[in-house]
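Numbering follows numbering that gives the first Met the number 0, in which position 100 of the sequence shown is assigned residue number 99; successive positions increment by one, without gaps. Ideal Cβ placement from N, Cα and C applies to all residues, glycine included. On a predicted model such as this, the values are computed, not experimentally measured, just so you know.
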Amino acid sequence: MTSLIKGSNTVGFISTGGGILALQQILVVEKSKPKVVLTAKDVTMLYTSNQYYSVKVTQDGKALAGKTVKFTVNGKVVSANTDKNGVAKVKLSLNPGKYTVSASYDGIKVSNKVNVNSIIKASNKKVKKSAKKLKIKR
């Protein structure tokens, strides 16, 4: 028998006497690889809190362990491996501001926003000055 190709194929069965006993139409389909999914959330953090950006890698609903995920944080590319739960993470050490971080694995990419807030917030206060005392109103 010749090799079957993807699509419709006709196969003939021949008896030992040389006559065709039956013809059978066979449809050959390619089994698709289960889809890889990356799951991550936006991060809001305080400056110097050194939080992590985490990504979960799953395929067909199951965690993928031991896979290398590439992260891009503020233009810098770093890699981390997934743990037994399919989670890879990278520590965020960023100055106050807004950033976009991304993670990629097996051609799949996910991007999220990171907001880094200042620890100290300054605001203008009214000051009433007298000859001997300095009084600050809140």
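Minimum C-alpha distance to residue i - residue among the options
| i | options | result |
| --- | --- | --- |
| L63 | G85, S7, S2 and K97 | G85 |
| Y46 | I107, D82, V113 and K108 | V113 |
| S117 | V54, S92 and Q58 | S92 |
| Y104 | L26, L37 and E29 | L37 |
| G90 | Y52, S7 and V115 | Just to set this straight, residue 90 is Lys in the shown sequence, not Gly. Answer by Cα proximity: Y52. |
| I138 | K125, K69 and L26 | The question about residue 138 has no answer here: the residues shown for the chain are numbered 0 through 137. |
| S48 | K124, A102 and P95 | P95 |
| L26 | I4, M44, A39 and T71 | I4 |
Distance between residue j and residue i (C-alpha atoms, nearest Å)
| i | j | result |
| --- | --- | --- |
| I213 | P33 | The requested residue 213 is not part of the displayed model; the chain covers only 0 to 137. |
| V35 | K83 | 16 Å |
| D41 | S110 | 9 Å |
| S2 | K97 | 57 Å |
| S138 | D59 | Because the chain is modelled from 0 through 137, residue 138 falls outside the range shown and cannot be assessed. |
| V100 | K55 | 15 Å |
| G74 | Q50 | 18 Å |
| V77 | K61 | 24 Å |
| G65 | S122 | 48 Å |
| A79 | K125 | 50 Å |
| E29 | S7 | 12 Å |
| M44 | V115 | 5 Å |
| T57 | T67 | 13 Å |
| T71 | A87 | 13 Å |
| A102 | A39 | 9 Å |
Cross-strand partners of residue i (DSSP beta bridge)
| i | result |
| --- | --- |
| K90 | Y51 |
| I107 | Y104 |
| T57 | V36 and A62 |
| T99 | K112 |
| N80 | T67 |
| K75 | V72 |
| S7 | L26 |
Burial state of residue i (16 or more Cβ within 10 Å)
| i | result |
| --- | --- |
| T81 | buried |
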